[in-house]
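Number of protein chains: 2
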Amino acid sequence: MRDAYREELAEITDGLEQMALIAASAIGRATTALLDADLQLAETVIAADDRLDQLQRDLEERAIAVLARQQPVATELRTVVTALRISAELERSGDLALNVAKLARRRFPDHAVPHELHATVLEMGHVAQRLMAKAADVIATRELKTALELEGDDDAMDDLHRALFRRLMDDRWQHGVEDAVDVTLAGRFYERFADHAVSVAKRVVYLVTGTYADDLPPQ
Amino acid sequence: MRDAYREELAEITDGLEQMALIAASAIGRATTALLDADLQLAETVIAADDRLDQLQRDLEERAIAVLARQQPVATELRTVVTALRISAELERSGDLALNVAKLARRRFPDHAVPHELHATVLEMGHVAQRLMAKAADVIATRELKTALELEGDDDAMDDLHRALFRRLMDDRWQHGVEDAVDVTLAGRFYERFADHAVSVAKRVVYLVTGTYADDLPPQ
Numbered sequence: 021m022r023d024a025y026r027e028e029l030a031e032i033t034d035g036l037e038q039m040a041l042i043a044a045s046a047i048g049r050a051t052t053a054l055l056d057a058d059l060q061l062a063e064t065v066i067a068a069d070d071r072l073d074q075l076q077r078d079l080e081e082r083a084i085a086v087l088a089r090q091q092p093v094a095t096e097l098r099t100v101v102t103a104l105r106i107s108a109e110l111e112r113s114g115d116l117a118l119n120v121a122k123l124a125r126r127r128f129p130d131h132a133v134p135h136e137l138h139a140t141v142l143e144m145g146h147v148a149q150r151l152m153a154k155a156a157d158v159i160a161t162r163e164l165k166t167a168l169e170l171e172g173d174d175d176a177m178d179d180l181h182r183a184l185f186r187r188l189m190d191d192r193w194q195h196g197v198e199d200a201v202d203v204t205l206a207g208r209f210y211e212r213f214a215d216h217a218v219s220v221a222k223r224v225v226y227l228v229t230g231t232y233a234d235d236l237p238p239q
Numbered sequence: 021m022r023d024a025y026r027e028e029l030a031e032i033t034d035g036l037e038q039m040a041l042i043a044a045s046a047i048g049r050a051t052t053a054l055l056d057a058d059l060q061l062a063e064t065v066i067a068a069d070d071r072l073d074q075l076q077r078d079l080e081e082r083a084i085a086v087l088a089r090q091q092p093v094a095t096e097l098r099t100v101v102t103a104l105r106i107s108a109e110l111e112r113s114g115d116l117a118l119n120v121a122k123l124a125r126r127r128f129p130d131h132a133v134p135h136e137l138h139a140t141v142l143e144m145g146h147v148a149q150r151l152m153a154k155a156a157d158v159i160a161t162r163e164l165k166t167a168l169e170l171e172g173d174d175d176a177m178d179d180l181h182r183a184l185f186r187r188l189m190d191d192r193w194q195h196g197v198e199d200a201v202d203v204t205l206a207g208r209f210y211e212r213f214a215d216h217a218v219s220v221a222k223r224v225v226y227l228v229t230g231t232y233a234d235d236l237p238p239q
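Respectively, the protein sequence lines represent chains D and P. For the first sequence, our numbering gives the first residue as 21, with consecutive numbering after it. For the second sequence, our numbering gives the first residue as 21, with consecutive numbering after it.
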């Protein structure tokens, strides 16, 4: 493989890793903004989303340029096609962090999350951020073992999501419908964010093994 | 362009159109299942989603095969890359119809949607189905005028979504938190479904004009 070609493929991978790290940071900041009712912090997440959208467009143009110029086949072709799919997942993750930040902004100066759910939502934010940071790592290293861990890690998010719903449905819920609506939406945003991180990892698994992660024997 | 090549590109477009029509039908049936608390109908939507996932995988493999074999450039290259992105939007739309069907199943034999919101949710289902059917049309015809209409059509969904939230937040809401949670989720599913239809149309606009729909002068 010529150096310029190798360089182009490496730049695409770097771009994806950068997008994943921005998304991970965005969901962390959005969670803090939500729990602290911090409008200024929420606004930084909202502004950062444009950056992610721009990176996605750039990456797509770059992928198309590589396809046209290098006419890759086999592994390199799958790398470029996978990059297109991963960049879409990451752009969408950024939108979900944006949604969390917008929730904080809409309820400002009130808190959207009642105190007794603070710990659960904080943990959801941490799990989401950790999953996406790990997805960034998987993009960079293509390590199969780490990639396959993500689905298991996501179980923690599912447990938290279920716990959140149990609290909502509890007869002792005292916070009225507006809080219930916002907590429902927040729960959904975190769950979807985590799903995208898992999808990114699955895409890398497919790239490395040629097999969908669901069809692999458990590690 | 050789006939076999032209044929391969046409098959990809046909596959996308078929996916969009399946998604449109799925959201229509899911809405009926939700409003009628019809478990059997809900199950057909849940089963149809596998079909959509399979079509998406097939289409992706076919796109990769065309890239490898024909090494397309210029318009044909963009067509194939756009097809990859559109297929992901359509697969995700199917998941959202699935989510609506699962909502119906989870609450069966109860109704998840209170009577006084029946008309609003029905209309959301109709708008969603119409938008996706129109997206299928845009995929097949690449008609710029129709493609550009979709964003305007989506305003109807936004209005319905706002109306739904107003009812939820209304002090006269008598249906408790469980219904509020389910209506919130349903509203979100319909809104996202419509967004995907709009994204499909925007992708086609970009393919035809080389310009993002947001940057075009209003028609």
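The beta carbon of each residue, even a glycine, is placed where N, CA and C say it ideally should be.
| Item | Value |
| --- | --- |
| Proximal residues of chain D, C-beta to C-beta of residue 208(P) below 9 Å | 204, 205 and 208 |
| Residue closest to residue 58(D), alpha-carbon to alpha-carbon, out of 120(D), 213(D) and 193(D) | 120(D) |
| Own chain residues within Cβ distance below 7 Å of residue 212(D), not counting five before or after | 116 |
| Chain D residues whose Cβ lies nearer than 9 Å to that of residue 87(P) | 87, 91, 92, 93, 97, 100 and 101 |
| Proximal chain P residues relative to residue 200(D), where beta-carbon distance stays under 7 Å | 197, 200 and 201 |
| Residue-chain proximity (residue 180(P), chain D), Cβ-Cβ < 8 Å | no |
| Whether residue 40(P) touches residue 144(P) by CB criterion (8 Å) | no |
| Cβ-based neighbour list, residue 32(D), same chain, cut-off 8 Å, excluding 5 preceding and 5 following | 79, 82, 83, 86, 99, 100 and 103 |
| Under the three-state DSSP convention, the category residue 22(P) falls into | coil |
| Chain-ordered chain D contacts of residue 217(P) [CB-CB under 9 Å] | Neighbours of residue 217(P) on chain D: none; closest Cβ ~16 Å, over 9 Å. |
| Check whether residue 37(D) and residue 159(D) have beta carbons under 8 Å apart | yes |
| Three-pair Cβ contact test at 8 Å for the stretch 132-143 of chain D versus the stretch 212-230 of chain D | no |
| 8 Å Cβ cut-off: residues of chain D touching residue 108(P) | 105 and 108 |
| Cut-off 8 Å between Cβ atoms - residues of its own chain near residue 177(D), not counting five sequence neighbours on either side | 144, 147, 148, 151, 210, 211 and 214 |
| With 16 other Cβ atoms within 10 Å as the buried cut-off, status of residue 105(P) | buried |
| Residue 89(D) in three-state terms, based on DSSP | helix |
| Outcome for residue 92(D) when other beta-carbon atoms lying within 10 angstroms are tallied against a minimum of 16 | buried |
| Residue 132(D), DSSP secondary structure in three states | coil |
| Status (buried if at least 16 other CB within 10 Å, exposed otherwise) for residue 109(D) | buried |
| Partner residues on chain P for residue 189(D), Cβ-Cβ distance less than 7 Å | 197 and 198 |
| Against chain D: residues of the stretch 159-176 of chain P by CB proximity under 9 Å | none |
| Nearest-angstrom Cα separation, counted from residue 190(P) out to residue 224(D) | 47 Å |
| Proximity test, Cβ basis, 8 Å: residue 66(P) and chain D | no |
| Minimum Cβ-Cβ distance from residue 32(D) to chain P less than 8 Å | no |
| Residue 167(P) (DSSP reduced to helix, strand or coil) | helix |
| C-alpha gap between residue 77(D) and residue 111(D), whole angstroms | 10 Å |
| 6 Å Cβ shell around residue 124(D) - same chain, five flanking residues per side excluded | 53, 54 and 62 |
| Contact under 8 Å by Cβ, residue 200(D) with residue 203(P) | no |
| Inter-residue spacing [alpha-carbon to alpha-carbon] between residue 66(D) and residue 60(D) | 10 Å |
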